[in-house]
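See structure below.
Numbering (this note's numbering), first residue to last: 476 to 553.
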């Protein structure tokens with residue numbers, strides 16, 4: 476999909492993509508360089524890999540509560 480950068484550097488994400496990714500006004504996204512383009516990822520679902528003590532560890536900024544886990548288990552059982 477094509478988008479245009481305006482005079483202050485903003486890009487409007489097409490509505491179809493905003494809807495698919497459940498991006499609402501105020502949603503935070505991570506914008507990073509990827510090859511010769513951009514990669515935009517919703518922060519709430521962003522995980523990254525870091526090296527800790529010589530091991531790769533997946534790290535996320537979004538906390539997961541017990542209620543979140545129980546809701547996923549309940550949904551899987553239905």
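Cβ atoms here follow ideal geometry from the backbone N, Cα and C, with glycine treated the same way.
- prompt: Is residue 536 closer than 8 Å to residue 515 when the C-beta atoms are compared?
  reply: The answer is no: Cβ separation not under 8 Å.
First through last residue of the alpha helix (DSSP H) which encompasses residue 541: Counting along the chain, the alpha helix (DSSP H) containing residue 541 begins and ends at 541-552.
task: Starting from residue 554, follow its DSSP beta bridges and name the residues at the other end.
output: There is simply no residue 554 to check, as the chain begins at 476 and stops at 553 in what is shown.
message: I believe residue 513 touches residue 506 by the beta-carbon criterion, under 8 Å. Please report the beta-carbon distance rounded to the nearest angstrom.
response: With a contact defined as Cβ atoms closer than 8 Å, residue 513 and residue 506 qualify at about 6 Å.
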